[in-house]
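Engineer: For reference, the structure I am asking about is given below.
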Amino acid sequence: LNMNAFDIISLSAGFDLSGLFEGSE
Amino acid sequence: MGCVCVKPVKHTPGYEDPVILASETTFTVSEVEALYELFKKISHSIIKDGLIHKEEFQLALFRNSNKKNLFADRVFDLFDAKRNGVIDFGEFVRSLSIFHPDTEKTEKISFAFRLYDLRHTGFIEPDELKEMVLALLNESDLCLSDDVVQQIVDKTFAEADKKGDGKIDPDEWKEFVVQNPSLLKNMTLPYLKDITMAFPSFVMKSEVNDDEM
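See below:
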């Protein structure tokens, strides 16, 4: 697995704030 | 002689003047006003008090108010600058401004560091990093053995902890991000570039012309 730990963590859905906008259109 | 009664506009608790918020952030006044429409929707989704509670934040992010997620919790806690358990309008705008495409990278780097500094020690430490990797694995279909996770954490520290003192400080983090710019991709929300165009339903009749600012 050629990723550093932060690359892996960044995959979390919790970081995807676009949901704040998509659900409110 | 008659009098004209003007019904005062009722704002949510923690409402701040869009002109002031625009002057302190990357947003224009119109964009702050558009964000107020978004804020009202989220802050009235469960508890109709005009403040965003954690359940409402989770509902907006995941369509599920009960979904637990370590990273969404961290984002919520950082948005909640006053640390009173809720996000008011001023906090919402100031925090989202960090995610604006035009905001300085240094602000994004600093915010990301605070996200990963789980225990607020001023450093990112190996046990925190491992806890975060395990939390991500727990929410995904990725399956890695404890040995592999430990190797990834050790390798990351070998690259990022230049001083070799067993923890990543803000300067080391900044240097690591410069070498790995993809680490900031979550810190930019293209939606914010022009929220009034992307979300025309949020466009309000503004009393302030941005060009006059």
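Protein sequences, first through last, are from chains A and B.
All the letters of the first sequence, read from the start, carry residue numbers 1 to 25 under the numbering used here.
All the letters of the second sequence, read from the start, carry residue numbers 1001 to 1213 under the numbering used here.
Ideal placement from N, C-alpha and C gives every residue a C-beta, glycine not left out.
Please work out which residues of its chain come closer than 8 Å, Cβ to Cβ, to E25/A, disregarding the five sequence neighbours upstream and downstream, and give them in chain order.
Structural biologist: Position 25 of the first sequence holds residue 25/A. For E25/A, the pLDDT reaches just 48, beneath the cut-off of 50, and the residue's location in the model is therefore unreliable, although a value from the coordinates is still provided. Correct list: empty, nothing qualifies.
Engineer: Is it true that the stretch 1075-1086 of chain B meets the stretch 1051-1065 of chain B, where meeting means three or more beta-carbon pairs spaced less than 8 Å apart?
Structural biologist: The stretch 1075-1086 of chain B vs the stretch 1051-1065 of chain B: in contact.
Engineer: Express the C-alpha separation of D1102/B and K1193/B in angstroms, rounding to a whole number.
Structural biologist: On the second sequence, residue 1193/B is found 193 positions in, with the first residue counted as 1. On the second sequence, residue 1102/B is found 102 positions in, with the first residue counted as 1. Those two C-alpha atoms are separated by around 8 Å.
Engineer: Suppose you measure from the CA of P1170/B to the CA of L1070/B; what does that come to, to the nearest Å?
Structural biologist: Indexing the second sequence from 1 puts residue 1170/B at position 170. Indexing the second sequence from 1 puts residue 1070/B at position 70. When rounded, the distance between both Cα atoms is 21 Å.
Engineer: Are the Cβ atoms of G14/A and A1072/B separated by less than 8 Å?
Structural biologist: Working through the first sequence from its first residue, we reach residue 14/A at position 14. Working through the second sequence from its first residue, we reach residue 1072/B at position 72. The answer is yes: Cβ separation under 8 Å.
Engineer: Under a three-way DSSP split, which group does K1205/B fall into?
Structural biologist: Counting from one through the second sequence, the residue named residue 1205/B turns up at place 205. Since pLDDT at K1205/B reaches only 49, below the 50 mark, its modelled position is unreliable, and the value read off the structure follows with that caveat. Coil.
Engineer: Sort F1062/B, Q1058/B, E1125/B and H1011/B by Cα distance to E1037/B and report the nearest one.
Structural biologist: Within the second sequence, residue 1037/B is the residue found at index 37, counting from 1. The option with the nearest alpha carbon to E1037/B is H1011/B.
Engineer: Short of 7 Å in beta carbon distance, which residues of its chain neighbour F1123/B, apart from the five on each side in sequence? Order them along the chain.
Structural biologist: Here residue 1123/B refers to the residue found at position 123 of the second sequence. D1117, K1167, I1168 and D1169, listed in sequence order.
Engineer: Consider the Cβ of D1194/B: report whether some Cβ of chain A lies at a distance smaller than 8 Å.
Structural biologist: Reading the second sequence from its first residue, position 194 is the one you call residue 1194/B. Chain A, which has no Cβ nearer than 8 Å to the Cβ of D1194/B, makes this no.
Engineer: Below 8 Å between beta carbons: does that hold for A1022/B and I1195/B?
Structural biologist: To locate residue 1022/B, count along the second sequence from 1; it is residue 22. To locate residue 1195/B, count along the second sequence from 1; it is residue 195. In this structure, I1195/B does not lie closer than 8 Å to A1022/B by Cβ.
Engineer: Suppose the cutoff is 8 Å on Cβ atoms and the five residues either side in sequence are ignored; what does the same chain contact list for L1137/B look like?
Structural biologist: What you label residue 1137/B is simply residue 137 of the second sequence in a count that begins at 1. Here the set comprises C1143, L1144 and V1149.
Engineer: Between A1112/B and the rest of its own chain, which residues show a CB-CB distance below 6 Å, the 5 nearest in sequence each way excluded?
Structural biologist: Position 112 of the second sequence, counted from the start, is the residue given in the question as residue 1112/B. These residues qualify, in order along the chain: M1187.
Engineer: Any beta-carbon of chain A closer than 8 Å to the one on L1129/B?
Structural biologist: Working through the second sequence from its first residue, we reach residue 1129/B at position 129. Yes, because at least one Cβ of chain A sits closer than 8 Å to the Cβ of L1129/B.
Engineer: Quick one: is A1034/B near chain A, going by C-beta distance under 8 Å?
Structural biologist: Sequence index remark: in the second sequence, residue 1034/B carries index 34 (1-based). False, the Cβ-Cβ gap to chain A never drops below 8 Å.
Engineer: Based on the DSSP output, what are the partners of I1124/B in its beta bridges?
Structural biologist: Within the second sequence, residue 1124/B is the residue found at index 124, counting from 1. Its beta-bridge partners are I1168/B.
Engineer: Taking 8 Å as the cut-off, decide whether the C-beta atoms of V1177/B and V1153/B are in contact.
Structural biologist: Translated into positions along the second sequence, residue 1177/B becomes position 177. Translated into positions along the second sequence, residue 1153/B becomes position 153. Going by C-beta atoms, V1177/B is not nearer than 8 Å to V1153/B.
Engineer: Measure the Cβ-Cβ separation of T1025/B and V1093/B and say whether it is below 8 Å.
Structural biologist: Numbered from its first residue, the second sequence carries residue 1025/B at position 25. Numbered from its first residue, the second sequence carries residue 1093/B at position 93. For T1025/B and V1093/B, yes; Cβs fall inside 8 Å.
Engineer: Quick check on the DSSP output: the alpha helix (DSSP H) that includes V1153/B runs from which residue to which?
Structural biologist: One-based indexing of the second sequence puts residue 1153/B at position 153. D1146 to A1160 is the extent of the alpha helix (DSSP H) around V1153/B.
Engineer: Return the Cβ separation of A5/A and T1121/B in integer angstroms, given the expectation that the two are a contact with Cβ distance under 8 Å.
Structural biologist: Taking the first sequence and counting its residues from 1, one reaches residue 5/A at position 5. Taking the second sequence and counting its residues from 1, one reaches residue 1121/B at position 121. That pair is no contact at about 17 Å.
Engineer: Grouping DSSP H, G and I as helix and E and B as strand, with all else coil, what is K1009/B?
Structural biologist: Here residue 1009/B refers to the residue found at position 9 of the second sequence. With the sequence shown as reference, residue 1009/B is identified as Val, and Lys is not the correct amino acid for it. Coil, per DSSP.
Engineer: Any Cβ of chain A within less than 8 Å of the Cβ of T1012/B?
Structural biologist: Residue numbering aside, residue 1012/B sits at position 12 when the second sequence is read from its first letter. False, the Cβ-Cβ gap to chain A never drops below 8 Å.
Engineer: Go ahead and label S1140/B buried or exposed: buried means 16 or more other beta carbons lie within 10 angstroms of its beta carbon, across all protein chains shown.
Structural biologist: In the second sequence, the residue the question calls residue 1140/B occupies position 140. Result: exposed.
Engineer: Of all Cβ atoms in chain A, is any one closer than 8 Å to the Cβ of T1028/B?
Structural biologist: The sequence position of residue 1028/B within the second sequence is 28, counting from 1. T1028/B does not count as touching chain A.
Engineer: Within 8 Å (strictly less), CB to CB, does S18/A reach chain B?
Structural biologist: Here residue 18/A refers to the residue found at position 18 when the first sequence is read from its first residue. It does; some Cβ of chain B falls within 8 Å.
Engineer: Using a Cβ cut-off of 8 Å (strictly closer), state whether K1048/B contacts chain A.
Structural biologist: Position 48 of the second sequence holds residue 1048/B. Not one chain A Cβ lies under 8 Å of K1048/B.
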